[in-house]
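Have a look at the structure below before the remarks.
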Amino acid sequence: MAGLLEVKQLCVSYGAIRALDRVSLSIPAGEIVSVIGANGAGKSTLMSAVMGQVSYQSGEIEFEGKPLPRRSFQVVKSGISLSPEGRRIFAPLTVLENLQIGAFPRSGDSEKAVKEDMDWVFSLFPRLEERIGQYAGTLSGGEQQMLAVARALMSRPKLLLLDEPSLGLAPVIIKDIFRELRRINEKGLTILLVEQNAKQALLLSQHAFVLQTGRIVKQGVSRELLSDPEIAAAYLGGK
Ligand code: ATP
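Okay, so the sequence shown: first residue is 0 according to numbering that gives the first Met the number 0, each after it adds one.
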């Protein structure tokens, strides 16, 4: 059966640099799928291409069996949202304002529906509710990451893309965030997670793809990749 998201033979170049070379992957509905890879492997480029933020030279991206629009706003309207690397929350705005902006693409929805989702994200990340009036730029790194995920959820996506949610965070915070990601998935949301932290990503996801200098070099059941000696040597640091 075709996945919720199907990426087929995707090629992206920045001038002479080929960042993605015939990348194909399938994200089944209801799953958490991870893409692991080192610095510069092309992980962020993959996310940006799906979100319509960089253009691709060839290949296809389908969502729910139809070609995905190439313009960012329409991608979000189709039901995909991104929690970007480096968090990129709106620092001079409050927690509440950041969440309201996240809900903006659902302009047709009632205030009540938006409020329900806000209550839901506060139940996932109670710390955000405690800091509702605080400027986002003054939140801790972990809180900013929570806000980035919460903001992405406010567009009520069917597919959530997460670009390195563990970057720069202490292990205990990573554990908290990944636990909430699992809860979010259990509510039925499909997740594509891109991570340098291969161990955490493989523990959380059901299937995984290994991206190396723009190419998928391995894919399979995450649990099996965790015990693959090549993966262990290259990405798990013997951990
Ligand atoms: P990291 O984990 O370090 O963020 P990544 O796997 O997300 O890496 P990308 O950011 O997608 O990798 O970059 C893939 C390649 O494309 C790299 O060689 C990078 O230098 C190059 N690249 C990315 N963005 C641009 C750009 N706007 N212009 C030129 N080259 C770029």
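By construction, the Cβ of each residue, glycine as well, lies at the ideal position given by its N, Cα and C atoms.
Is residue j closer than 8 Å to residue i when the C-beta atoms are compared?
i, j, result
"I26", "L191", "yes"
"D162", "L98", "no"
"L19", "G36", "no"
"Q144", "T93", "no"
"L188", "P156", "yes"
"L224", "L203", "no"
"F184", "S165", "Before going further, note that residue 184 is Asn rather than Phe in the sequence given. No, the pair does not count as a contact, with Cβ atoms beyond the cut-off."
"R126", "E142", "yes"
"V22", "I215", "yes"
"L160", "V49", "yes"
"S221", "Q199", "no"
"F62", "S77", "yes"
Residue i: which of the options sits nearest, CA to CA?
i, options, result
"R182", "L152, A207, D162 and L166", "L152"
"I16", "T212, A232 and S221", "T212"
"G51", "A28, V75, L188 and R87", "V75"
"L158", "S226, K217, I31 and L95", "I31"
"G136", "R86, D175 and S165", "R86"
"A102", "I131, R126, R150 and L146", "R150"
"A207", "I88, I100 and L24", "L24"
"L95", "R130, S54, V220 and I172", "R130"
"A1", "A112, R21 and G29", "G29"
"G39", "G140, S139 and V209", "V209"
"L45", "E63, S77, G78 and L4", "L4"
"E194", "R222, Y234 and G219", "Y234"
"I172", "G140, S33, E63 and V220", "G140"
"L138", "S226, K174 and I88", "I88"
"G167", "P91, S226, F62 and E84", "E84"
"E110", "Q73, K174 and S154", "S154"
"F124", "V148, A112 and V113", "V148"
Would you list the one or two residues that DSSP bridges to residue i?
i, result
"V220", "H206"
"E61", "E5 and P66"
"T189", "L158"
"E194", "I35"
"V11", "L19"
"Y134", "T93"
"R214", "Q211"
"S80", "L159"
"I100", "None; I100 has no bridge partner."
"I26", "L4"
Q: Could you tell me whether the region 50-61 touches the region 6-16, where touching means 3 or more Cβ pairs closer than 8 Å?
A: yes
Q) Any chance the region 68-76 sits against the region 118-129, with 3 or more Cβ pairs inside 8 Å? A) no
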